[in-house]
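When we follow the working numbering, the leftmost residue of the sequence shown carries the number 358, and every step to the right adds one. Structure first, commentary second.
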Amino acid sequence: MILLDGETLTPDLLHEIALGARVQIHPNNAWMMRSNAETTPAGSSILAKKRRWLIGDHAEGMDDDALARAFIVGHCTGVGDPLPDTVVRAAIAARVNVLAQGASGCRAAAAGILLAMLNNNVTPRVPAQGSVGAAGDLAPMAHIAAVACGYLDKSDALPAFTPTPKEALALINGVSLTTALAAIAVVRARRVMESAIIAAAMTMEVVRADTRCIDPRALGRTHAGAGLVGRRLRELLAGSTLASPDRDPDAFSIRCTPQVMGAVWRTLSFSTVEVRNELNAVSDNPLLIDGEWVEAGNFHGASVAMAMDHLKVAIAQLATLSERRTFRLTHGQLSKGLPSFLVEGTGLNSGFMLAQYTAASLASECKTLSHPASVDTIPTVQHHEDHVSMGPIAARGALRMVECVADIVGIELMLAAQGLNLRQRAGAVIAPKIAEHLATIRESIDFWPDDQLMHPDIASAGRLVREGRLLGEGEAKGW
358 MILLDGETLT
368 PDLLHEIALG
378 ARVQIHPNNA
388 WMMRSNAETT
398 PAGSSILAKK
408 RRWLIGDHAE
418 GMDDDALARA
428 FIVGHCTGVG
438 DPLPDTVVRA
448 AIAARVNVLA
458 QGASGCRAAA
468 AGILLAMLNN
478 NVTPRVPAQG
488 SVGAAGDLAP
498 MAHIAAVACG
508 YLDKSDALPA
518 FTPTPKEALA
528 LINGVSLTTA
538 LAAIAVVRAR
548 RVMESAIIAA
558 AMTMEVVRAD
568 TRCIDPRALG
578 RTHAGAGLVG
588 RRLRELLAGS
598 TLASPDRDPD
608 AFSIRCTPQV
618 MGAVWRTLSF
628 STVEVRNELN
638 AVSDNPLLID
648 GEWVEAGNFH
658 GASVAMAMDH
668 LKVAIAQLAT
678 LSERRTFRLT
688 HGQLSKGLPS
698 FLVEGTGLNS
708 GFMLAQYTAA
718 SLASECKTLS
728 HPASVDTIPT
738 VQHHEDHVSM
748 GPIAARGALR
758 MVECVADIVG
768 IELMLAAQGL
778 NLRQRAGAVI
788 APKIAEHLAT
798 IRESIDFWPD
808 DQLMHPDIAS
818 AGRLVREGRL
828 LGEGEAKGW
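Structural data, given as structure tokens:
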């Protein structure tokens, strides 16, 4: 059971909730919400004012229930494929964490209905597209709120809940979907990043790399991220007889791995901090502070949007670096004596040639997706909302790129394992830690003596990365 208290939610905890963990709100927060709601200035006037501004005087004379219903249903404008259930669960939990802080002027029941959705596995169908990430993720969150309030697709698993006008606004305001997407992206990107370091070390062993590139004396004179990656590579390659400091310098996809992947690591660390801050921020408007409604702009997703765009650039670097190492593994002259395409024989044997095709395709897709979404702002609401974040587009792009790079790294692992076995067959002894990872790969992907159907092995390699099986995570779930 995960407790939400508005202060300590992390991307990792949110990822657990996304995968099915049960959730409660901290008792202190429930008390705080009740206390604030009892002294809240009338919320109906706020929502009526917003409705009047949007559609004229038609909001006058509507009772609170009709006003709340019209407001939520009127924002159900999403389009596109439905978001994965994991993302919807994460968005619901992220919204609970905002309401739990008591600054939204909501009753505990407003958070309670969202908790009931999570704990009873009620996951609304939420179209992926339609939010600009400022004034909140209004359209997707409205699709969630409409089910929570029983306006659309009422679920028998949920208790009856009628929101106050301010609760109707608070349920859909803020960038909870953007932040949920971003939290899932950084957790999965970290798992892929750690697997990519292992893949790099395995490739370095296969191609008999010059290990001077990971000398701590050199890496101590550059950025901290490069030093961290270099230390991890040294640990993995300890005891290697193939990679050593007496080789010719390698191409940059090998030699500069610490520098490039170190920069990726630093970017991922920055993005994770930004996402955690947003998860525990009051992403709502207006805010109830000292018994007074304060109009501010905390619903704007600029922080997360820019962090996700930054992360996308880093993920693209990870993708292209891994693909270039995969290419070297398939090229007989670059792999230093191994058969081209890593399968012995000639004629019809194409070996792992097409695996590199797939990696190249995915790397190209990452480059396309890496275009920053946050630089594009299109005014909405009659130019009142004249600067928006496009955060959900940035975060969805980052999450899609993580999927691509998981398969790219999986392909490198698969080919590096093949190369290592070929080296062993020629009498080489590989580093002990590399041998352990090779054994893990061989639990699900066999050595290729000849051509065979490749798709199942590529899928297995991708699962290895997604499940973190090379990282000692045991029964860790994939995604």
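Even for Gly, the Cβ is constructed at its ideal location relative to N, Cα and C.
Residue i classed as buried or exposed, judged by whether at least 16 other C-beta atoms fall within 10 angstroms
i, result
"Trp622", "buried"
"Leu810", "exposed"
"Trp805", "buried"
"Glu649", "exposed"
"Met747", "buried"
"Gln690", "exposed"
"Val489", "buried"
"Met358", "exposed"
"Gly435", "buried"
"Asp567", "buried"
"His794", "buried"
"Ala537", "buried"
"Val651", "exposed"
"Arg685", "buried"
"Ile449", "buried"
"Arg545", "buried"
"Pro615", "buried"
Nearest-angstrom Cα separation, counted from residue j out to residue i
i, j, result
"Gly819", "Arg547", "15 Å"
"Ile768", "Ala553", "11 Å"
"Thr687", "Val563", "11 Å"
"Trp836", "Glu824", "8 Å"
"Ala457", "Pro643", "15 Å"
"Leu855", "Gly776", "Shown here, the chain extends from 358 to 836; a query on residue 855 therefore has no answer."
"Val543", "Pro368", "7 Å"
"Leu361", "Asn385", "10 Å"
"Leu411", "Thr737", "Residue placement at Leu411 is poorly supported in this model, since its pLDDT is 49, which falls under 50; the coordinates still yield a value, given next. If you take the alpha carbons of Leu411 and Thr737, they lie about 12 Å apart."
"Met663", "Ala730", "8 Å"
"Cys613", "Ala755", "24 Å"
"Leu593", "Ala792", "10 Å"
"Leu645", "Val455", "13 Å"
"Ala840", "Val732", "Not covered by the structure: residue 840. The range shown for the chain is 358 to 836."
"Glu701", "Arg780", "12 Å"
"Ile802", "Asn634", "40 Å"
"Gly487", "Ala608", "44 Å"
"Gly829", "Ala427", "51 Å"
"Asp422", "Val430", "12 Å"
"His812", "Gly363", "44 Å"
"Met498", "Asn477", "18 Å"
"Thr365", "Phe709", "46 Å"
"Asp807", "Lys724", "33 Å"
"Leu668", "Ala447", "20 Å"
Check whether residue i and residue j have beta carbons under 8 Å apart
i, j, result
"Ala583", "Glu742", "no"
"Asp641", "Asn655", "yes"
"Ser628", "Val766", "no"
"Leu509", "Cys433", "yes"
"Leu495", "Pro749", "no"
"Val549", "Val759", "yes"
"Ala712", "Thr560", "no"
"Glu373", "Arg464", "no"
"Val670", "Glu631", "no"
"Leu515", "Ala473", "yes"
"Ala485", "Arg757", "no"
"Arg565", "Leu590", "no"
Span of the beta strand (DSSP E), counted from its first residue to its last, around residue i
i, result
"Leu678", "No beta strand (DSSP E) holds Leu678; the alpha helix (DSSP H) holding it covers Ala659 to Thr687."
"Trp650", "Glu649 to Val651"
"Leu376", "Neither: Leu376 is in no beta strand (DSSP E) and is coded neither H nor E."
"Ile802", "No beta strand (DSSP E) holds Ile802; DSSP gives it neither H nor E."
"Leu360", "Ile359 to Leu361"
"Leu644", "Leu644 to Ile646"
Start-to-end residues for the alpha helix (DSSP H) that takes in residue i
i, result
"Asp438", "Segment Val436 to Pro439 is the beta strand (DSSP E) holding Asp438; no alpha helix (DSSP H) there."
"Trp622", "Thr614 to Leu636"
"Val786", "Premise fails: Val786 is in no alpha helix (DSSP H) and is neither H nor E."
"Val532", "Taken as a continuous stretch (DSSP letters only), Val532 belongs to no alpha helix (DSSP H), as it is neither H nor E."
"Ile815", "His812 to Arg823"
"Pro384", "Pro384 to Glu395"
Any chance you could list the alpha helix (DSSP H) runs of at least 4 consecutive residues sitting entirely within the segment 699-762, in chain order?
-> 710-726
Minimum length 4: unbroken alpha helix (DSSP H) runs contained in the segment 413-501 = Listed in chain order, the complete alpha helix (DSSP H) runs (minimum 4 residues) inside the segment 413-501 are 421-431, 442-456 and 465-476.
Any chance you could list the alpha helix (DSSP H) runs of at least 4 consecutive residues sitting entirely within the segment 567-593, in chain order?
-> 573-576
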